[in-house]
Amino acid sequence: MGDDPGRARLVAGADERLRERIKELGCLYAVARIAQTQDLGLEPMLVAIVRTLPQGWQHPDDLWVSLQLDGHEYGTRKSGPTLQQHIQVESEVRGTLAVGYPEDRTQGPGPQFLTEEEQLLERLAIEVATIVERQEKRERQRLFEARMQQQDRLNVLGELTAGIAHELNTPLGNVLGYAELLMAGEVDKERRDDLQRIIDSALTGREVVKRLMYFSCEMPSQFRMQDLNGVVAGVLRLLHRQVEKARLVLRTDLSK
Numbered sequence: 000m001g002d003d004p005g006r007a008r009l010v011a012g013a014d015e016r017l018r019e020r021i022k023e024l025g026c027l028y029a030v031a032r033i034a035q036t037q038d039l040g041l042e043p044m045l046v047a048i049v050r051t052l053p054q055g056w057q058h059p060d061d062l063w064v065s066l067q068l069d070g071h072e073y074g075t076r077k078s079g080p081t082l083q084q085h086i087q088v089e090s091e092v093r094g095t096l097a098v099g100y101p102e103d104r105t106q107g108p109g110p111q112f113l114t115e116e117e118q119l120l121e122r123l124a125i126e127v128a129t130i131v132e133r134q135e136k137r138e139r140q141r142l143f144e145a146r147m148q149q150q151d152r153l154n155v156l157g158e159l160t161a162g163i164a165h166e167l168n169t170p171l172g173n174v175l176g177y178a179e180l181l182m183a184g185e186v187d188k189e190r191r192d193d194l195q196r197i198i199d200s201a202l203t204g205r206e207v208v209k210r211l212m213y214f215s216c217e218m219p220s221q222f223r224m225q226d227l228n229g230v231v232a233g234v235l236r237l238l239h240r241q242v243e244k245a246r247l248v249l250r251t252d253l254s255k
């Protein structure tokens, strides 16, 4: 009978340790559940983890949690007894995961932090790093797929535009050629004006096709020097008849 108090203390201690292990496992399980929520973004995941962590410690009501990642902090870091682990993503330290108790908290019997809690924080920091890595890979994959879809659309548009350009350029070229041929032998002013309108319209059609071809393709990956004076001169040639009809005077002052 004399051993009963000692045995009772042993049983009580074992029960307490078992309860703590259950809390720690529950915390790990809750974080794992958050990690599997694919429709959440990284930031909501980190916020949910910070709110979940206290349940794995001896005194969850007093525990503060601070998760710092790439200069952003989730939770609030305070002074007082602290445990801390680095968050290392692909061999790079990107932040810290810390827990602690306020300085003014009255400490009860026993250590502030159990050895198992230190191990728990280490496992949680690894889990957070895994979540960050996985989410960043998903984002890179999403961006890659979006670029591929855009490229596919551009390829289809380019093929369609090339066909349209071929179908349009041939008759436009014929119209332009015959109109210029007729213009060369025409002396009647009214007919010459009509032919010039046909020529201007054909040139405008060609320009529209060129622009359509340009915008259906990706921008060139390399920049090239351009003669801007020549570009301006080409545009002015296209506008010559319209400017003349509007009785406008264009003056240019281009650098040499």
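Sequential numbering of the sequence shown, starting at 0, is according to numbering that gives the first Met the number 0. Beta carbons are placed, not taken as given, at the ideal position from N, Cα and C, and that holds for glycine. Since we're looking at a predicted model, the values are computed, not measured.
Contacts around residue i, its chain only, beta-carbon distance under 6 Å, and the 5 residues preceding and following it disregarded
| i | result |
| --- | --- |
| Asn228 | Leu253 |
| Tyr100 | Asp61, Gly79 and Pro80 |
| Val131 | Val88 |
| Glu91 | none |
| Arg191 | Glu185 |
Residues near residue i in its chain [Cβ-Cβ closer than 7 Å; skip 5 each side]
| i | result |
| --- | --- |
| Val242 | Leu249 |
| Met218 | Note that Met218 scores a pLDDT of 45, beneath 50, so its modelled location is shaky; the value from the coordinates is reported in the next line. Excluding residues within five positions, none has a Cβ falling inside 7 Å. |
| Pro209 | The sequence as given places Lys at residue 209; Pro does not occur at that position. Hits under 7 Å: none found. |
| Ala47 | Ile33 |
Whether residue i touches residue j by CB criterion (7 Å)
| i | j | result |
| --- | --- | --- |
| Leu120 | Gln87 | no |
| Val174 | Ala201 | yes |
| Ala178 | Ile163 | no |
| Leu194 | Met182 | yes |
| Leu82 | Glu115 | no |
Same chain, Cβ closer than 8 Å to residue i, five either side skipped, listed in chain order
| i | result |
| --- | --- |
| Gln54 | Lys22, Gly25, Cys26 and Ala29 |
| Gly74 | Val49, Trp63, Val64, Ser65 and Leu66 |
| Arg133 | Ala34 |
| Gln111 | Pro80 and Tyr100 |
Residue i, DSSP secondary structure in three states
| i | result |
| --- | --- |
| Met218 | Legend: pLDDT at Met218 = 45, less than 50; position of this residue unreliable, value from coordinates given subsequently. Met218 falls in the coil class under three-state DSSP. |
| Thr51 | helix |
| Arg93 | strand |
| Val186 | coil |
| Thr75 | coil |
| Ser65 | strand |
| Thr81 | strand |
| Gly70 | coil |
| Gly99 | strand |
Classification of residue i by the beta-carbon crowding that lies within 10 angstroms, buried from 16 upward
| i | result |
| --- | --- |
| Leu159 | exposed |
| Met147 | exposed |
| Leu171 | buried |
| His239 | exposed |
| Thr51 | buried |
| Glu138 | exposed |
| Met0 | At Met0 the pLDDT is 45, less than 50, meaning the model places this residue with poor confidence; the figure from the coordinates comes in the next sentence. That one is exposed. |
| Met224 | exposed |
| Gln57 | buried |
| Leu180 | exposed |
The region 87–101 contacting the region 123–136, beta-carbon criterion three pairs below 8 Å: yes
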